[in-house]
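According to the working numbering, the sequence shown holds residues 582 to 935 in order.
We put the beta carbon where it would ideally sit given N, CA and C, even for glycine.
Here is the structure we will look at.
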Amino acid sequence: MGTLSSTSSYHPVTRSDFDNPEVLYAINPHPEFGYFHGPIPDLNPGWKPQWYSDARASGTLNPSKSITSSDILYEIQFGNAPVNRMSQLAKACSTICDIIVGANGQMCGHVFSLRSSMRLHLRMKHTGAVFPPSPGKTSRLQFQAAENALKRWVLFGEWRRALYLNEPGRGIGLIEEYCDALEAIANEDPVFAIRFGTRFHRDVVHARRRNEVFELEYRPEMGLQQNYPDTHFHGSVTATPEAGGSWQANFINYSPIQDTSMNLVRSCPVTPVKARFPSKSPSKTSPRKRKVLDSPLKGQATKKIAPKSMFRLSDDAERYLASVLAGGPIDSWNMLDPCHAVDELDLQGVVDGD
582 MGTLSSTSSY HPVTRSDFDN PEVLYAINPH PEFGYFHGPI PDLNPGWKPQ
632 WYSDARASGT LNPSKSITSS DILYEIQFGN APVNRMSQLA KACSTICDII
682 VGANGQMCGH VFSLRSSMRL HLRMKHTGAV FPPSPGKTSR LQFQAAENAL
732 KRWVLFGEWR RALYLNEPGR GIGLIEEYCD ALEAIANEDP VFAIRFGTRF
782 HRDVVHARRR NEVFELEYRP EMGLQQNYPD THFHGSVTAT PEAGGSWQAN
832 FINYSPIQDT SMNLVRSCPV TPVKARFPSK SPSKTSPRKR KVLDSPLKGQ
882 ATKKIAPKSM FRLSDDAERY LASVLAGGPI DSWNMLDPCH AVDELDLQGV
932 VDGD
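Here it is in structure tokens:
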């Protein structure tokens, strides 16, 4: 299994390292190499080799005995093969577990510094999802395809907005390096920032205090994205809680084919519908801190809060965007009530100490 990590010989620091056809149209999963990153479906949830299932059912399972690649291969060839075909995982894949574990597309999220540890994790926890790649050399062609796919994963905000059961934070290796590089590029290049945004790390890395502006991104409905696969949708909501919860929404779409950017949604006030914060055990959290955690998002919040969320445009707004992409007039947005541009806002926060 090849090593795909940050190296001193390769440091992408310019716009051309990312804004190029090889990255913009990178393929994942690759038809020859498989998945470089998620979401990776588990089409055989709960499947285990027969010996493992029998030992677990009889209560004789030795917890120190692990499932090997040979065990899986034997079952596929001669025994209790999975009902569905396993997904192919590339040797030059990310070392973050991107196996889907939830009905909403939520992925595992465990981060590994050693590929041997990741292979063991895949065999034990997601046995029927992918056949873990064997150790060995990886072609330069696969490495290049992996680098381009991971760049695209980060560039278009998919990494930043991905849903994980276990928060991977900054990630590891090239993903972390790409996020750092892209944020530096966006800080210096306003055109790049308009097209792709200014933040590429996951929101948990960008914790902000209450007197700063909260920023969230728009995630389009799946139908809209599928109908326009060559269009990158980017939107944001900002809020300053101390100013009485004044929220403003705007929407920008960028099509790499047309090489154009359009501001499609006028600024308008929106109201957060939900505000959820992680619970902590009473033994580890003071009453004062618990009060802040359990409160709705209000001006008196005194902790660092990192929004990790999405907002959804109303059905009318979705239809409007579809009409614009089909060639309709942009100013038809004025016919819509801007206050209904966003009808759902789901916030999650993390506390980062005093």
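Secondary structure of residue 606 (DSSP, three-state): coil. In this structure, DSSP gives residue 695 a state outside helix and strand, which the three-state scheme calls coil. Contact between residue 750 and residue 783 holds, since their C-beta atoms are separated by about 7 Å, short of 8 Å.
Inter-segment contact for the segment 732 to 752 and the segment 593 to 611 is present: three or more beta-carbon pairs are separated by less than 8 Å.
In chain order, 621, 623, 689, 707 and 710 place their CB closer than 6 Å to the CB of residue 680, counting only its own chain and leaving out the 5 sequence neighbours on each side. Rounded to whole angstroms, the separation of the alpha carbons of residue 719 and residue 725 is 11 Å. Relative to residue 743, the option among 682, 698, 656 and 631 whose CA is nearest is 682. Around the Cβ of residue 699, a 10 Å sphere holds 16 or more other Cβ atoms; the residue is buried. In the DSSP annotation of this structure, residue 629 is not part of any alpha helix (DSSP H), being labelled neither H nor E.
In its chain, beyond the 5 residues on either side, 669, 671, 672, 673, 723, 726 and 727 have a beta carbon closer than 8 Å to the beta carbon of residue 614. Straight-line spacing of the CA atoms in residue 662 and residue 654 works out to 9 Å. For residue 767, same chain residues with a beta-carbon under 6 Å away, outside a window of 5 residues either side, are 773, 774 and 779 in chain order. For residue 733, the enclosing alpha helix (DSSP H) covers residues 721 to 736. For residue 596, there is no enclosing alpha helix (DSSP H), as DSSP gives it neither H nor E. Non-local beta-carbon contacts of residue 648 in its own chain, meaning distances under 8 Å to residues more than five positions away in sequence, involve 629, 630, 633, 704, 705 and 708 in chain order. In the DSSP assignment, residue 759 falls within the unbroken alpha helix (DSSP H) covering 755 to 769.
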